[in-house]
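What follows is a short report on a single structure.
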Amino acid sequence: MLKVLGLIALVLVTIGLTGAQSGVVYNTGIAVKKPVFGGACKLCPWGAMAQVVQNAMKFYGYDVKICQNCNAAAAPRIVSGAKLPPPYQKDPAVSVAMAPPNEPGLGPVDFGATAESFLCQAFDGTGSYAHDKSMKNLRLIANIQSPWFLIVAARAETGITDLSQIKEKRWPVRIYASRNDRMVTEILGYYGLSVDSITSAGGYVGNTFADRNNFDVIVQGGALSSAPEWNVLYQVSQHFDLNYLDIPEPVLSKLAQDPLAYRGYIPVGLLRGVERTIPTIVRNGTVIYTRADVPDSFAYDVARAMDEHQDELQWTNQNFSYNIHNVWKAPCDVPLHPGAARYYKEMGYMK
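Per our numbering, residue 154 is the first one in the sequence shown, and the count goes up by one each step.
If you want it as structure tokens, here you go:
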């Protein structure tokens, strides 16, 4: 009898208290219905998705714990490696209230949210993960629509209505943009411009916080959101009168060859001063993802929760939406988790 009780106690410790690392035991994990979700700040898309998942999973007896700093390019590495949440560091871009320290005692991260592009690059070992071992254990649970727009604009007082004017008139122009972003370099390159040529002419290309008030042209992707990576679009469109510029057709065609970029348009009124439909490049999808070793029953529950509680998506600070035609689709080779696939097949969303 004592042996039986001892065995039961051992099983409970093994199953109920998960994530032992370096002699520490964590009272979190899927087995005790306290999975850890890799999210981000409360203003950020992945942080907003974390809150949606937490709320939706309550209906099925789960108490989802949120990692508020399992973000940026590290996110897939954390999920793939079942890593602990990183040590807390104050995020200079947001307040402590919006990016607070994590709840004490969180164990390894079980699932999370990230961008389509990060998921695909991590799985393939490309882009930001070219120096990582490809993370072939990553699995999709749900692809939630989350629109992103590429926007090119110039401050109205510059008189710039076409970027060709920069080279023709040899203006020392200040451009708010990421210097290494492929879309930025392709747009500049079409006009015979580059970061080097702009700086050698006395101009500047950069995207620091101070640059938001000291620019002539902005090339920025994002959405209508107060997320720290996107709120520049909010700020500059309210503070300055802007001329919104067309991206040349050859550039749109070239950029759209990327499987994670699509032809789309900026809708009228998205930002102050957008008074016409503007063709552009768009991206789509904030994915909920996990590892291959996660139980099928758990992935099924997550897929079900996101479907049956789609209403949670509309009350966030992001433009999320649920589409039964592509919620189960990855835009690349990342497999759908079998548990999630079972749910979508039962519902008739996928054949």
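Each residue gets a CB set at the ideal place from its N, CA and C atoms; glycine is no exception.
* Under three-state DSSP, which class holds residue 139? -> Outside the displayed range of the chain (154 to 504) lies residue 139, so it cannot be described from this structure.
* Asked: Is it buried or exposed for residue 241, if we count other Cβ within 10 angstroms and need 16 for buried?
  -> Burial check for residue 241: the Cβ neighbour count within 10 Å stays below 16, so the residue is exposed.
* To do: Express the C-alpha separation of residue 309 and residue 287 in angstroms, rounding to a whole number.
  => 46 Å
* Going by CA-CA distance only, name the one from 304, 323 and 365 that's closest to residue 340. => Residue nearest to residue 340 within the set 304, 323 and 365 is 304 (criterion: CA-CA distance).
* Sequence ranges, alpha helix (DSSP H) only - wholly within the stretch 440-476, length at least 4 -> 449-461
* Same chain, Cβ closer than 6 Å to residue 210, five either side skipped, listed in chain order -> 217 and 458
* Length at least 4, wholly inside the stretch 247-289: the alpha helix (DSSP H) runs in chain order -> 269-277
* Asked: Would you say residue 198 and residue 306 are within 9 Å of each other, going by their C-beta atoms?
  -> no
* Alpha carbon of residue 174 to alpha carbon of residue 504, nearest angstrom -> In this prediction, residue 174 scores a pLDDT of 46, lower than 50, which makes its location untrustworthy; no coordinate-derived value is stated.
* Note the first and the last residue of the continuous beta strand (DSSP E) segment covering residue 492. => Per DSSP, residue 492 belongs to no beta strand (DSSP E); it is in the alpha helix (DSSP H), 491-499.
* Nearest-angstrom Cα separation, counted from residue 384 out to residue 354 -> 29 Å
* Taking 8 Å as the threshold, find out whether the stretch 394-408 comes into contact with the stretch 257-275 through three or more Cβ pairs. => Short answer: they don't touch.
* **Terminal residues of the alpha helix (DSSP H) in which residue 201 lies** => 198-210
* **Endpoints, the beta strand (DSSP E) within which residue 191 is located** => 189-191
* the stretch 459-479 / the stretch 255-263 touching (three or more Cβ pairs under 8 Å) -> With fewer than three CB-CB distances shorter than 8 Å, the stretch 459-479 does not count as touching the stretch 255-263.
* Using 10 angstroms around the beta-carbon of residue 276, count the other beta-carbons present and answer buried if the total reaches 16, otherwise exposed. => Result: buried.
* To do: Going by CA-CA distance only, name the one from 393, 299, 351 and 454 that's closest to residue 493.
  => Selected option, being the one with the closest Cα: 454.
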